[in-house]
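Novice: Residue numbers (UniProt numbering): 1 to 595. Have a look at this one.
Now the structure itself:
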């Protein structure tokens, strides 16, 4: 990026995002004394953020997201009073997400007293959140610090930001209790605290957040303990008047408490969640009977109560949950049979109702975990690999074709593929699932500065890392990576892969001529038979390589970088079925070679 741009002394706006600029951010930009907007996002800029930017006293918006910037956040930025990042006191918008920034968050950040958006997510920031954050503007709407290495407690001073709408602190190392003062943030729409080291009970004051629409405190190393407060369940947050929702429309309100150590009974007030679409309190220690008041939740579409200690039978009132599409009550102590009415519920995917223990575990175990600590691994033959791939495609097609709103799984990976007694694959763990609104006006979901990371590293679609909203195309990408993993037996996070050399590229370079060098060799093994000639064995091997090559091409097509170039899951399914049919025909001919 040329430093000569600093010669434009009266420049007010510099917008150079989404180019291929590399190198350092010129320190000479500090000479642009009239600059109000600086947008260098989505480039390949590296080096440090120049402290000289603090000289641009009129700066209101800085966006440096999605570069390769590193080093610490300059404390001098605290002087930008218009930027509201210290000395930049005019600063209104500060977006430094998706870089490689290190060090702590400067105390001077509290000087940015007109800031409305602060996004420091997806960096390598350490240290504690400074208490001075409470000195930021009362007009501050969004704070996003997810995916860093931030430690310490959530400062109670955040409660001073009374107009805050979004607080995203997930995937850090925050510890201690959730501050009771968070209940004072009455405008809060989004609260994500998952994947930290938080402990103690969920404060009942959270029930005061009447505008909260998206919240998750899951994955806190199983340290969150205590009984779910009935005041939380019954708070006005979930009591939007039913007439606001037309028949067959979906409320995008979600309540996610998975992966904690919540105990006690589920409060009967759960029936007050009449506008809730997603309820997930899986992987806890909740006991007692499933409340019959669930029947009042008639627009709920996804219910996950798996991995708890519920006992008794499934209440008949569940039949009244007319909007239910997915239900998971597995791994409890429920008695009695599967109620007949569940089979007759319109729209309910019965395969997603997993009561029985899955005796064959999950696909992750079959692909990558040794048997009983031995060096030997489970053997997946070619037919079984094809069948599992097609089972998953069937499940994904069902989710994407669900009416009136498609369901996006958001976390498709081997550990979420469960295998029953007959090795039929079931897609599980819908903890990140979302219902797709094509015409959504939800700014929190649509904004590039606020699109949260979806899924697991290696499987999540690359466009999610650029701030794009979730879509069915993202699931297609994950499915493509899953296909490549099944047939190569290599994780996308394998140490041999990097940002510039992925599993997709590894397979693409091998197709079609080097496929036999990259695939799981178990898939090519021919059963020893003294009646078979060497030439016949070679022919069988070639048939299998041809089949696998066709499957890998489907996987490559699904995992291409550009979302719009990926096939629909239904098209991928048809292609895989055709590949399996051809292979079965060829297998019959193989049998003929033995006689």
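Even glycine gets a Cβ: it sits at the ideal position worked out from N, Cα and C.
Does DSSP put residue 332 in a helix, a strand or coil?
Specialist: Residue state, collapsed to three classes: coil.
Novice: Apply the 10 Å Cβ neighbour rule to residue 138 and answer buried if 16 or more other Cβ atoms are within range, or exposed otherwise.
Specialist: Exposed, by the Cβ-count rule.
Novice: What's the C-alpha gap between residue 161 and residue 73?
Specialist: If I take the Cα positions, the gap works out to 22 Å.
Novice: Just verifying my parser: in three-state terms, what is the DSSP assignment at residue 521?
Specialist: If DSSP states are grouped into helix, strand and coil, residue 521 belongs with the helices.
Novice: Considering only residues of the region 123–199, which uninterrupted beta strand (DSSP E) runs meet the minimum length of 3 residues and lie entirely inside it, listed in chain order?
Specialist: Whole beta strand (DSSP E) segments, 3+ residues: 142–144, 166–168, 190–192.
Novice: In angstroms with no decimal places, state the Cα-to-Cα distance between residue 553 and residue 113.
Specialist: Those two C-alpha atoms are separated by around 54 Å.
Novice: Quick check: what's the CA-CA separation for residue 329 versus residue 362?
Specialist: For residue 329 and residue 362, the distance between alpha carbons rounds to 17 Å.
Novice: How long is the line joining the alpha carbons of residue 121 and residue 305, rounded to whole angstroms?
Specialist: Those two C-alpha atoms are separated by around 31 Å.
Novice: Touch check for the region 39–54 and the region 15–27: three-plus C-beta pairs under 8 Å?
Specialist: Yes: the two stretches touch, three or more of their Cβ pairs being nearer than 8 Å.
Novice: Taking C-alpha atoms, which residue in 311, 110, 212, 263 lies nearest to residue 273?
Specialist: Comparing Cα positions, the closest option is 212.
Novice: Using only the alpha-carbon positions, how far apart do residue 67 and residue 101 sit?
Specialist: Approximately 10 Å, taken between the alpha carbons.
Novice: Closest to residue 216 by C-alpha separation, out of 177, 169, 210, would be which residue?
Specialist: Closest option to residue 216, Cα to Cα, is 169.
Novice: What residues in its chain sit with their C-beta under 6 Å from that of residue 181, if we drop five residues either side in the sequence?
Specialist: Counting only Cβ-Cβ distances below 6 Å, and skipping sequence neighbours, we find 156, 159.
Novice: Would residue 480 pass as a contact of residue 555 if the rule is Cβ separation under 8 Å?
Specialist: Yes; because the gap between Cβ atoms is below 8 Å, this pair is in contact.
Novice: Would you mind stating whether residue 409 and residue 427 have Cβ atoms separated by less than 8 Å?
Specialist: Yes.
Novice: Can you say whether residue 331 is buried or exposed, counting buried as having 16 or more other CB atoms within 10 angstroms of its CB?
Specialist: Counting Cβ neighbours within 10 Å, residue 331 comes out buried, since at least 16 surround it.
Novice: Kindly give me the distance between the Cβ atoms of residue 360 and residue 307, rounded to whole angstroms, as I take these residues to be in contact under 8 Å.
Specialist: About 18 Å; that fails the 8 Å criterion.
Novice: Residue 390 lies in the alpha helix (DSSP H); which residues open and close that run?
Specialist: Unbroken alpha helix (DSSP H) run through residue 390: 382–400.
Novice: With a threshold of 6 Å on Cβ separation, who are the neighbours of residue 271 within its own chain once the five nearest residues in sequence on each side are excluded?
Specialist: Excluding residues within five positions, the ones whose Cβ falls inside 6 Å are 293, 296.
Novice: To which residues of the same chain is residue 512 closer than 6 Å at the C-beta, ignoring the five residues directly before and after it?
Specialist: Closer than 6 Å at Cβ, skipping near neighbours: 549.
Novice: When DSSP labels each residue in this structure, what does residue 597 get in the three-state scheme?
Specialist: Any question about residue 597 goes unanswered here, given that the chain covers just 1 to 595.
Novice: Exposed or buried, residue 677, counting other C-beta atoms within 10 Å across all chains shown (16 or more means buried)?
Specialist: There is no way to answer for residue 677, as the model of the chain reaches only from 1 to 595.
Novice: So, helix, strand or coil for residue 506, using DSSP?
Specialist: Residue state, collapsed to three classes: helix.
Novice: Counting C-beta neighbours from all protein chains within 10 Å, is the total for residue 12 16 or more, i.e. buried, or is it exposed?
Specialist: That one is exposed.
Novice: Hey, residue 49 and residue 64: beta-carbon distance below 8 Å or not?
Specialist: Yes, these two residues count as a Cβ contact at 8 Å.
Novice: Apply the 10 Å Cβ neighbour rule to residue 54 and answer buried if 16 or more other Cβ atoms are within range, or exposed otherwise.
Specialist: With 16 or more other Cβ atoms within 10 Å, it is buried.
Novice: Taking the beta carbon of residue 340 as the centre, do at least 16 other beta carbons fall within 10 Å, making it buried, or is it exposed?
Specialist: Residue 340 comes out exposed.
Novice: In or out: residue 313 buried (at least 16 other Cβ within 10 Å) or exposed?
Specialist: Burial call: exposed.
Novice: With residue 477 as the anchor, note down where its alpha helix (DSSP H) starts and where it stops.
Specialist: Where residue 477 is concerned, the enclosing alpha helix (DSSP H) stretches over 472–488.
Novice: Who pairs with residue 22 in a beta bridge, going by DSSP?
Specialist: According to DSSP, residue 22 bridges with 44.
Novice: What does the alpha-carbon distance come out to for the pair residue 379 and residue 514?
Specialist: The alpha-carbon atoms of residue 379 and residue 514 are separated by roughly 22 Å.
Novice: Rounded C-beta distance between residue 175 and residue 198? I'm assuming under 8 Å.
Specialist: So it is a contact: roughly 7 Å between Cβ atoms.
Novice: Alpha carbon to alpha carbon, what distance is there between residue 323 and residue 86?
Specialist: Bear in mind that a pLDDT of 40 at residue 86, under 50, signals an unreliable position, so the model cannot answer this.
Novice: Return the CA-CA distance between residue 412 and residue 463, expressed in angstroms with no decimal places.
Specialist: So the two alpha carbons sit approximately 16 Å from each other.
Novice: Counting C-beta neighbours from all protein chains within 10 Å, is the total for residue 542 16 or more, i.e. buried, or is it exposed?
Specialist: Under this definition residue 542 is an exposed residue.
Novice: Looking only at its chain, what residues have a beta carbon closer than 6 Å to the beta carbon of residue 39, apart from the 5 residues adjacent to it on each side?
Specialist: 15, 17, 63, listed in sequence order.
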